[in-house]
Amino acid sequence: MVGSKSRFGPGLFMNHVEPLARHLHTSLSSHKGPVNVARYSKGGGKYILTGGQDRTVRLWNANSGNEVKTFAAHGYEVLSITVSHDNAQFASSGGDRSIFLWDVATAATTRRIPGHMGKIHVVEFNEDATVLASGSFDSTVRLWDLKAQNRQPIQVLEEARDAVQTLHVGSTYITTGSLDGHVRTYDLRKGELRSDFMGQAVTSVVPTLDSQTLLVTTLDSHIRLMDMTNGKLLNDFTAHTNTEYRCRACFGHGEATVICGDEKGLVWAWDLLDAKPIAPNPPPKVHQKVITWTEHHPVEKGEMCTASADGTVKIWRQVDIE
């Protein structure tokens with residue numbers, strides 16, 4: 001492994017690696033067709049928002065599995081959802097080439113932002129939901145000031161040479177991933193750009209909480225841990241199958257593990273430090289089609305959700321042993 005271990009953050013060596021939540025708690029199955037994204041609500045993660053090929057966003061109670069609301073306004077598939085810090089609003093995007101802002105309480109759209117020339121693969125709020133970033137098939141990232149009613153973006157990032165599939169908005173930076181194989185980190189304070197070539201199309205980027213390292217998913221069945229300060233490869237996670245679709249990976253509880261669903265319907269987990277798959281290896285098949293999205297619960301150590309092209313979202317928990 002290349003790079004200094006201190007880059008993994010001070011707490012990781014103290015963490016016991018928890019077994020993956022593999023007990024099916026409930027299955028959410030109202031979508032008609034593939035589900036592309038599933039996001040826990042902020043804070044306690046009591047709810048899950050899902051977006052699908054059926055052009056709807058659906059809100060679920062994560063514990064009961066009951067559908068609470070359906071948000072319908074999209075004319076095309078929903079590919080991305082971002083939730084505000086207070087859970088009062090969310091934004092969604094997809095095939096419409098426009099961003100939809102929603103009020104959760106009324107299930108109504110509060111704003112529609114056009115501006116891209118192709119599908120919008122990803123949207124993400126900044127920390128206080130005053131700025132929204134969007135990444136598109138048109139190879140651009142656009143930044144929108146949500147406090148202003150100006151219909152023009154405040155900035156357009158045009159460095160990507162192919163579709164932008166993924167991005168993350170940090171406190172002082174924006175990181176993007178493109179099908180051109182590059183991870184680009186824009187330092188907003190210094191006005192600097194660092195570009196790291198991964199060698200394969202990038203479909204998912206997820207930073208650690210300290211913004212020191214980045215989990216990068218690519219279409220060569222690899223997930224790489226990269227030092228965000230210098231682009232060094234810290235670890236490489238393999239064994240899963242991911243060559244065609246966006247299969248979003250994430251960190252497990254305490255960032256001690258890496259979790260990803262794959263194109264065969266398997267959910268894999270690896271120890272962050274030694275990159276070895278956590279048993280069982282191979283894991284059981286839990287979805288009938290590709291797993292498009294994997295997300296760990298924001299606070300509970302024993303819960304995660306997976307979304308799949310088979311039309312279901314499944315919530316997984318650990319079985320408590322008395």
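Under full-length UniProt numbering, the letters of the sequence shown match residues 1 to 322, in that order. Virtual Cβ for every residue (Gly too), placed ideally from N, Cα, C.
Just so you know, the alpha carbons of residue 17 and residue 278 end up roughly 9 Å apart. Within the same chain, 95 and 137 come within 6 Å of residue 119 by CB-CB distance, once the 5 residues on both sides are set aside.
The alpha-carbon separation between residue 21 and residue 282 amounts to approximately 15 Å.
The Cβ neighbour count for residue 304, taken over all protein chains shown within 10 Å, is at least 16; the residue is labelled buried.
For residue 85, the number of other beta carbons within 10 angstroms of its own is below 16, and it is reported as exposed.
Nearest in C-alpha terms to residue 130, of all of 153, 114 and 289, is 153. By the Cβ criterion, the region 149 to 167 is not in contact with the region 87 to 107, since fewer than three pairs of Cβ atoms, one from each stretch, lie closer than 8 Å. Cβ-Cβ separation between residue 252 and residue 296: approximately 6 Å, consistent with a contact (criterion under 8 Å).
Across the structure, residue 274 and residue 174 are spaced so that their CA atoms are roughly 28 Å apart. For residue 317, the closest of 308, 302 and 179 by C-alpha to C-alpha distance is 302. Taking 7 Å as the cut-off, the Cβ atoms of residue 202 and residue 183 count as close.
Secondary structure of residue 254 (DSSP, three-state): helix. Beyond the five residues adjoining it in sequence on each side, residue 127 comes within less than 7 Å, by CB distance, of 85 and 171 in the same chain, given in chain order.
When the Cα atoms are used, residue 233 and residue 54 turn out to be separated by approximately 38 Å.
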